[in-house]
Structures are given as C-alpha cells and as structure tokens.
Amino acid sequence: MANISEENKQIARRLAAIFEGKPSVNRYWDEAENSFVDLVTCADQPCEGVTSYGTVGLSDHPLIQNGTEFSARLELVGASANSTTVFPNILTTAAFYIINEKWFCCPGAVLQNAVAMYESSLDMQHLIFVSPFLWDDLQTVQYENKTVAWLLAVPISENERQYAEEKGTDALEDLFEQHQIDIYDLSRLSLL
Numbered sequence: 001m002a003n004i005s006e007e008n009k010q011i012a013r014r015l016a017a018i019f020e021g022k023p024s025v026n027r028y029w030d031e032a033e034n035s036f037v038d039l040v041t042c043a044d045q046p047c048e049g050v051t052s053y054g055t056v057g058l059s060d061h062p063l064i065q066n067g068t069e070f071s072a073r074l075e076l077v078g079a080s081a082n083s084t085t086v087f088p089n090i091l092t093t094a095a096f097y098i099i100n101e102k103w104f105c106c107p108g109a110v111l112q113n114a115v116a117m118y119e120s121s122l123d124m125q126h127l128i129f130v131s132p133f134l135w136d137d138l139q140t141v142q143y144e145n146k147t148v149a150w151l152l153a154v155p156i157s158e159n160e161r162q163y164a165e166e167k168g169t170d171a172l173e174d175l176f177e178q179h180q181i182d183i184y185d186l187s188r189l190s191l192l
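Note that UniProt numbering has the sequence shown beginning at 1, numbered continuously upward.
And the structure:
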C-alpha cells in the first residue's frame, strides 16, 4: 500500500478486521490512469464461497451534491461469489464514476449499466447502493481529517431498477428480503 495516507491505512485495517478474513490489497486505476483506489479483498467472507471487497481512497475525494461538497466522504463495499472475476472492476468503476464524474452516491442511488459494461449478457445490469447490512460494524467514522460512511453496492436488473424508481428503494429491499435473493450471485435472474 505505497503512497497511502495514515487515515487510509486505518480504513484498510478497519475493513480487514470487519471482513474477518485474510486480506489482500490491490490498486485499481481508471481508464485514463488519472485516478486510483485501493481495494481490500477477503475471500470466503462473509461466508464460504463469497469474497468481500471494500474501497480505500475513494474518501479522499469529496462527494458533490448540487455543486456543493457534502459533509461526509464515502467508501464502497460489496460481495460476490468467489467465481465472479469482474466484481472488483464493477465496484472500482463505481468509485471512479464518483471521483471523475462527481456523481453523488447516497443510499438508494442507482449507477446504471455498471454491471452491463462488464457482463452485458446477464439480467443484472446496474448497482444500487444501500446501507452495508452485511457488516453491522461498518458505521460512519470520524477520522482526523474526514468523516467516512460506507455503502453496499448490490447488483440489480433493469426491471428491479424501474421498480425501485416507481415504488422506492425500501420497497425493492423488502421484495429482496421476502424472496431471500442471493446478492452474491451476479448471474441470478431478475425477480421482476
């Protein structure tokens, strides 16, 4: 983790402790190689056959809402089946969209085509961002120079996106809970 601030080291250690696995950290660059984020990865966490991921360094960049800097900074987390090789790229692409495009990411926000740009043949096409319910300890933390919150990226289909747009994110989350969907399975079929 060369060229990483002390706060970002604390974030990486926090993620590793919460993921409870044997972490690795890799650096990902945007296509133009102007921006980077590090990604903490823990295999077989939160359960066997699933890999947990968390960005480190996204919180170095402000969240911009309607042209104004938001008070908190953000890091993203996600989890997918161990066999899914594109999920790290999907998650870091979301981070780069926040950094480079100044996209305001908040609970209930949907990043369209984040999955489809890597796996266009799947029902899952987009990412919806929700509270990180997989890890109860991922609460907002005040560091010396920034306040950091975490959001969980969950792959959704176009029909699920439309449902969330029409009925609200809570309604979609309730539907997912009723049907006990496997959020780790990028190849799952759409509920709708």
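Using N, Cα and C, we set each Cβ at its ideal position, and we do this for glycine too.
With 16 as the cutoff for other CB atoms within 10 Å, does Gly-67 come out buried or exposed?
Taking a 10 Å sphere around the C-beta of Gly-67, we find fewer than 16 other C-beta atoms and assign the residue as exposed.
Return helix, strand or coil for Leu-74, following the three-state DSSP convention.
It is a strand residue.
From which residue to which residue does the beta strand (DSSP E) around Arg-27 run?
First-last of the beta strand (DSSP E) with Arg-27: 23-29.
Determine whether the beta carbon atoms of Leu-58 and Glu-69 lie at a separation below 8 Å.
Cβ atoms of Leu-58 and Glu-69: not closer than 8 Å.
Burial state of Gly-54, where buried means 16 or more other Cβ atoms lie within 10 Å:
By the neighbour-count rule (16 or more Cβ atoms within 10 Å), Gly-54 is buried.
Look at the Cβ atom of Phe-129, then the Cβ atom of Ala-109, and state whether they are nearer than 8 Å.
Cβ atoms of Phe-129 and Ala-109: closer than 8 Å.
Between which residues of its own chain and Phe-36 is the CB-CB distance below 6 Å, once the five residues before and five after are set aside?
Answer for Phe-36: Arg-27 and Trp-29, listed in chain order.
Residue burial classification, Ala-94 (beta-carbon count within 10 angstroms, cutoff 16):
By the 10 Å Cβ count, Ala-94 comes out buried.
Excluding the 5 residues flanking Asn-89 on each side, which residues of the same chain have their C-beta closer than 7 Å to its C-beta?
For Asn-89, same chain residues with a beta-carbon under 7 Å away, outside a window of 5 residues either side, are Tyr-118 in chain order.
What does the alpha-carbon distance come out to for the pair Met-1 and Val-115?
The predicted model places Met-1 with a pLDDT of 45, which falls under 50 and marks its position as unreliable; any figure quoted below should be read in that light. Each residue's Cα considered, the two are about 27 Å apart.
Start and end of the alpha helix (DSSP H) containing Asp-174?
It spans 169-179 - the alpha helix (DSSP H) in which Asp-174 sits, taken as one unbroken run.
Starting from Ile-11, follow the alpha helix (DSSP H) in both directions and report where the run begins and ends.
For Ile-11, the enclosing alpha helix (DSSP H) covers residues 6-19.
As assigned by DSSP and simplified to three states, the class of Glu-48:
Three-state result, Glu-48: coil.
Tyr-53 - DSSP class collapsed to helix/strand/coil
Strand at Tyr-53.
Cβ-heavy atom distance, Leu-74 to the ligand FMN, below 7 Å
This structure lacks the ligand FMN; in fact it carries no ligand of any kind.
If you run the structure through DSSP and keep just helix, strand and coil, what is Asp-38?
DSSP places Asp-38 in strand when its eight states are reduced to three.
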